[in-house]
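Residues 44 to 336 in our numbering are what the sequence shown lists, from first letter to last.
We put the beta carbon where it would ideally sit given N, CA and C, even for glycine.
As the structure is a prediction and not an experimental result, all values here were calculated from the model.
One structure is given below, encoded as structure tokens.
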Amino acid sequence: MKAALLPDRGVVKVSGETARDFLNGLITTDLTRLSPGQGRFGALLTPQGKITIDFLITEAPSGHGGGFLIDCPKVLAKALADKLTFYRLRAKIGIENLSDSLGVLAAWDGEAKLKPDLTFTDPRNPELGLRIFVPGELAQKAADAIGAELVDASAYEAHRIAAGVPRGGLDFMYSDAFPHETNMDRLAGVDFDKGCYVGQEVVSRMQHRGTARTRTVRLKLDGPAPEPGSTISAGDKSIGTMGSAAGGHALALIRIDRAGEALEAGTPLTAGGLSIRIADADELRLQPKQTVA
44 MKAALLPDRG VVKVSGETAR DFLNGLITTD LTRLSPGQGR FGALLTPQGK
94 ITIDFLITEA PSGHGGGFLI DCPKVLAKAL ADKLTFYRLR AKIGIENLSD
144 SLGVLAAWDG EAKLKPDLTF TDPRNPELGL RIFVPGELAQ KAADAIGAEL
194 VDASAYEAHR IAAGVPRGGL DFMYSDAFPH ETNMDRLAGV DFDKGCYVGQ
244 EVVSRMQHRG TARTRTVRLK LDGPAPEPGS TISAGDKSIG TMGSAAGGHA
294 LALIRIDRAG EALEAGTPLT AGGLSIRIAD ADELRLQPKQ TVA
């Protein structure tokens, strides 16, 4: 088993008697289905339905003070805490940015000998393993306790990319992408049966009408990786944008209809003058249209 402390991740805590209802009315995931030891994937959206920040969230057990711990991009942790404070109004809720005292350890590729209290399985993809909240200085001790080799965070990044899970700020830009474009609907990040939340009408409309035309897609690289942000072309047509890459794998935001046409026609794909190819053509499938009951 491998484990890595993720320096790019921060932690925000939301606590109080009404914390669950408060958060549930704001974010894409259903916290009524969350309990200690479990994790959910979700996001806070703009009213127009675009992602301002995505995160993993778990409920802390009573022995750790209860409340909800949010595993989010560290550079956005303060902004998230401030945004939640803005929405709080008069609700009796505590909001704390714990990023300076609590870190996030990812553990994958094996079974843990034991699971520390603040541990949950990453809900996005079973291949991503566990997430563990731990002070950074105790990362080695935590890795030893679960029976994992502590490795550099770059090893986790390569694993994440190969698993096809996008990272905000690299594979898509915050406030510029809809949840469907980043595959949140495929990664258990949107609960379509829950009540209202910010941006819910737009996301539901995209789901029921099947209007998502851009998706995050896995790529295979046979040579050097194109620079993130490079335009992906099929012949003389632009069809997408490169994201992160490592170990012969990459992610990209791609117009799936145009990519499908290129595959059918046998048109090669390039980015930054370098050859790339779709890892799995099934990822280009359009979402089936649904009718609203």
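Nearest-angstrom beta carbon gap, residue j and residue i [assumed within contact, 8 Å]
i           : j           : result
residue 196 : residue 45  : At roughly 11 Å, the Cβ-Cβ gap does not stay under 8 Å, so residue 196 and residue 45 are not in contact.
residue 137 : residue 59  : 5 Å
residue 61  : residue 150 : So it is not a contact: roughly 33 Å between Cβ atoms.
residue 254 : residue 277 : Between residue 277 and residue 254 the Cβ distance is about 22 Å, and since that is not below 8 Å, they are no contact.
Short Cβ contact (8 Å threshold) for residue i with residue j
i           : j           : result
residue 271 : residue 283 : no
residue 30  : residue 85  : Lying before the first or after the last residue shown, residue 30 is absent from the chain, which here runs from 44 to 336.
residue 94  : residue 55  : no
residue 162 : residue 173 : yes
residue 175 : residue 157 : no
residue 225 : residue 259 : yes
residue 289 : residue 204 : yes
residue 198 : residue 308 : no
residue 350 : residue 159 : Since the first residue shown for the chain is 44 and the last is 336, residue 350 is missing from the structure and cannot be characterised.
residue 16  : residue 53  : Because the chain is modelled from 44 through 336, residue 16 falls outside the range shown and cannot be assessed.
residue 296 : residue 221 : no
residue 126 : residue 87  : yes
residue 256 : residue 299 : yes
residue 209 : residue 294 : yes
residue 269 : residue 319 : yes
residue 57  : residue 69  : no
residue 315 : residue 273 : yes
residue 99  : residue 165 : yes
residue 250 : residue 228 : yes
residue 182 : residue 193 : yes
residue 155 : residue 140 : no
Beta-ladder partner(s) of residue i, from DSSP
i           : result
residue 54  : 114
residue 131 : DSSP lists no partner for residue 131.
residue 237 : According to DSSP, residue 237 bridges with nothing at all.
residue 49  : Looking at the DSSP assignment, residue 49 forms no beta bridge with any residue, so it has no partner.
residue 85  : 98
residue 262 : 293 and 321
residue 285 : 295
residue 173 : 150 and 164
residue 215 : 211
residue 189 : None; residue 189 has no bridge partner.
residue 280 : 277
residue 138 : 57
residue 339 : A question about residue 339 goes unanswered here, because the residues of the chain that appear run from 44 up to 336.
residue 314 : 275 and 317
residue 257 : 298
Proximity winner among the options, relative to residue i (alpha-carbon distances)
i           : options               : result
residue 97  : 62, 151 and 167       : 167
residue 218 : 92, 75, 68 and 76     : 92
residue 291 : 304, 267 and 123      : 267
residue 212 : 74, 82, 116 and 328   : 116
residue 74  : 306, 235, 305 and 310 : 235
residue 252 : 265, 223, 274 and 232 : 223
residue 232 : 83, 76 and 200        : 83
residue 237 : 50, 51, 64 and 194    : 64
residue 104 : 140, 128 and 77       : 77
residue 246 : 139, 49, 89 and 131   : 89
residue 14  : 317, 327 and 49       : With the chain represented from 44 up to 336, any question about residue 14 goes unanswered, as that position is not in the structure.
residue 51  : 327, 261, 200 and 328 : 200
_Taking 8 Å as the cut-off, does the segment 230-243 touch the segment 315-325 (at least 3 CB pairs, one atom from each stretch)?_
no
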